[in-house]
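Enquirer: Sharing a structure here in structure tokens format.
Protein chains: 2
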Amino acid sequence: MTATQRRERDRRQRHELIVRTARDLAEAEGWEAVTTRRLADRVEYSQPVLYSHFENRDAIVRAVALDGFADLAIELRAARVAASPPGAGVRAVARAYLDFAAAHPALYEAMFTLPIDIRFASPDQTPQPLRDCFAQLVVVVGSRAGEDEPFADPEAGLLAEVYWSALHGLATLTRQGRMPADGQAARLDLLLARLTPPGPDSR
Amino acid sequence: MTATQRRERDRRQRHELIVRTARDLAEAEGWEAVTTRRLADRVEYSQPVLYSHFENRDAIVRAVALDGFADLAIELRAARVAASPPGAGVRAVARAYLDFAAAHPALYEAMFTLPIDIRFASPDQTPQPLRDCFAQLVVVVGSRAGEDEPFADPEAGLLAEVYWSALHGLATLTRQGRMPADGQAARLDLLLARLTPPGPDSR
DNA sequence: CATAATTTCTAGCAGTGCTAGGATCGACTC
DNA sequence: GAGTCGATCCTAGCACTGCTAGAAATTATG
Chain F
161 MTATQRRERD RRQRHELIVR TARDLAEAEG WEAVTTRRLA DRVEYSQPVL
211 YSHFENRDAI VRAVALDGFA DLAIELRAAR VAASPPGAGV RAVARAYLDF
261 AAAHPALYEA MFTLPIDIRF ASPDQTPQPL RDCFAQLVVV VGSRAGEDEP
311 FADPEAGLLA EVYWSALHGL ATLTRQGRMP ADGQAARLDL LLARLTPPGP
361 DSR
Chain C
161 MTATQRRERD RRQRHELIVR TARDLAEAEG WEAVTTRRLA DRVEYSQPVL
211 YSHFENRDAI VRAVALDGFA DLAIELRAAR VAASPPGAGV RAVARAYLDF
261 AAAHPALYEA MFTLPIDIRF ASPDQTPQPL RDCFAQLVVV VGSRAGEDEP
311 FADPEAGLLA EVYWSALHGL ATLTRQGRMP ADGQAARLDL LLARLTPPGP
361 DSR
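Given below as structure tokens:
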């Protein structure tokens, strides 16, 4: 029985290797360079082994995207809990989001612009890492003093969606040169100041 | 001389036909269905004639996108001047933007997500229709009572960029199912209320 | 060691963007 | 009008893509 166990472990390792290699290749040369042949070359197997792990090329992109959501969730949570005054959580999370998008453009592209087949905002079909990402936003815009009560503000879900849209817009438009990259900090400041003003009513 | 004139006119008409057909085909079956063969079939010419009009496939997408910017500029301007209280211009333009994105998803994709090679935000290299689009936003967020003074508010440019990002995020995330489509009106209301509050200081 | 089962690769299909070369058509000259 | 020339167009093909059937090689089993 240890033989089949070893084979399953090898298969899992090779699975990871493919995803990792696809991600690296995409980050280095763009997603259009991630062809099945080139990817097979890099992992030192022939093309058909890719199809023994993934249904098609899109499934590989999807796997990379899912990894990305897990990474993003970790970074957003870290930024939130590390925010020195808890009220600064929104800014910290927003900055972490933009930094993530800028640091891993191809990964971000897989997560948010390429046609992967993932249910978003579905209570039972949306993968956990994806829900975790959104939850960080909801928590941080919902309860600005207290924490860990996801829906302290009934408008929190809506506001989180608006925040997400704005951040996504900033990230994508600057990435592909549709907006100058240098004003980004000022734009974020303006967005934060108006969407969640730190006014006298600190709730 | 009338012979060459006629030929040039025919060439222009065929140019328009190609762009129009590419746009229709993309809107009907998505951009990945716009192959040079299928496009050539639809315009009832062979593939190489496409390349006598455009350098490559990307140039066709770019031409469609440029048409789209012209269309969008017209609709944004129309929405702005038709806004009954001039202060409602922001809402009118924002709604027109989202309506445009929802009504022509493939066109919007060409304009804002596909890799076309267009200089944005460059004073001398950015095509006019593109600048017109952005100008509508700047005017409407800058001077909320008076009009036609593009930079009444020095922050207008920045605020317009933030608006644009948020609208673009809303449009793209809802389009490819990354965000439920039904809350869109509520999200727009929230965005407008916070980004340009109609507060007592109506400037 | 021989057989069976599994894994892997070679070779190929249909389709892609793009292009070189020859065929076809129009216009101008004698 | 016949013949030449030049612009226009199409056929055929290249290298590449995602994907797969069937042969080859490798591994486990009796």
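Keeping their order, the protein sequence lines are chains F and C.
Count the first sequence with the numbering used here and you get residues 161 to 363, in order.
Count the second sequence with the numbering used here and you get residues 161 to 363, in order.
Beta carbons: idealized from backbone N, C-alpha and C, even for Gly.
1) Could you give the distance in angstroms between the alpha-carbon of F/Val-179 and the alpha-carbon of F/Val-221?
2) With a threshold of 8 Å between beta-carbons, can F/Gln-336 be considered close to chain C, or not?
3) So what does DSSP say about C/Gln-207, is it helix, strand or coil?
4) Is the number of C-beta pairs between the segment 337–349 of chain C and the segment 279–292 of chain F that are closer than 8 Å three or more?
5) Answer with yes or no whether the minimum CB distance from F/Pro-275 to chain C is below 8 Å.
6) If you compare alpha carbons, which of F/Ala-320, F/Val-209, F/Ala-331 is closest to C/Leu-351?
7) When the cut-off is 8 Å and only beta carbons count, does C/Glu-189 lie next to chain F?
8) Taking only the alpha-carbon atoms, compute the straight-line gap between F/Val-299 and F/Ala-252 and give it to the nearest angstrom.
9) For F/Ala-243, decide whether its Cβ has a neighbour in chain C, counting only Cβ atoms nearer than 8 Å.
10) Determine the contact status of F/Leu-267 and F/Glu-187, defining contact as a CB-CB distance below 8 Å.
11) Beta-carbon within less than 6 Å of C/Leu-318's beta-carbon, same chain only, minus the 5 sequence neighbours each way: which residues are those?
12) Taking just the CA atoms, how far does C/Ala-200 sit from C/Leu-154?
13) Determine, using beta carbons only, whether C/Ala-230 comes closer than 8 Å to chain F.
14) Looking at the unbroken alpha helix (DSSP H) that takes in F/Gly-228, where does it start and where does it end?
15) What does C/Ala-346 reach in chain F if we use C-beta pairs closer than 8 Å?
16) Near F/Met-271, which residues of its chain fall below 7 Å by C-beta distance, leaving aside the five closest residues on each side in sequence?
17) Would you call F/Glu-269 buried or exposed, if buried means 16 or more other Cβ atoms sit within 10 Å of its Cβ?
18) Does any C-beta atom of chain C lie closer than 8 Å to the C-beta of F/Arg-354?
19) Quick one: give me the first and last residue of the alpha helix (DSSP H) that F/Pro-245 is part of.
20) Applying the criterion that 16 or more other CB atoms from any shown protein chain within 10 Å of the CB defines a buried residue, is C/Ser-325 buried or exposed?
21) What's the gap between the Cα of F/Glu-192 and the Cα of C/Pro-245?
22) Can you tell me whether F/Gln-285 is helix, strand or coil according to DSSP?
23) What are the residues in the segment 320–333 of chain F lying within 8 Å of chain C by C-beta distance?
24) Tell me whether F/Tyr-323 counts as near the ligand FMN, meaning its Cβ is closer than 7 Å to at least one heavy atom of that ligand.
25) Starting from C/Ala-340, find everything on chain F with Cβ-Cβ shorter than 7 Å and list it in chain order.
26) Measure from the alpha carbon of C/Leu-232 to the alpha carbon of each residue in C/Gln-296, C/Pro-357, C/Leu-185, then state which is nearest.
27) Note down, in chain order, each residue of its chain lying with its Cβ closer than 7 Å to the Cβ of C/Asp-349, except the 5 sequence neighbours on either side.
28) In the structure shown, what three-state DSSP assignment does F/Ala-341 receive?
29) Looking at the C-beta of F/Gly-302, does it have a partner C-beta in chain C at a distance below 8 Å?
30) What is the C-beta distance between F/Arg-240 and F/Gly-249, in whole angstroms, given that I count them as a contact (C-beta under 8 Å)?
31) Determine the chain F residues that contact C/Leu-351 at a beta-carbon separation under 7 Å, and present them in chain order.
Expert: Concretely, from the data shown:
1) 8 Å
2) yes
3) helix
4) yes
5) yes
6) F/Ala-320
7) no
8) 13 Å
9) no
10) yes
11) none
12) Since the first residue of chain C shown is 161 and the last is 363, residue 154 of chain C is not available in this structure.
13) no
14) 217–242
15) Leu-318
16) Ala-225, Gly-228, Phe-229
17) buried
18) yes
19) Counting along the chain, F/Pro-245 falls outside any alpha helix (DSSP H), and DSSP gives it neither H nor E.
20) buried
21) 48 Å
22) coil
23) Glu-321, Val-322, Trp-324, Ser-325, Ala-326, Leu-327, His-328, Gly-329, Leu-330, Thr-332, Leu-333
24) Among the components modelled here there is no ligand, and therefore nothing to report on the ligand FMN.
25) Note that residue 340 of chain C is Pro in the sequence shown here, rather than Ala. Residues of chain F passing the Cβ test: Ala-281.
26) C/Gln-296
27) none
28) coil
29) no
30) 5 Å
31) Val-322
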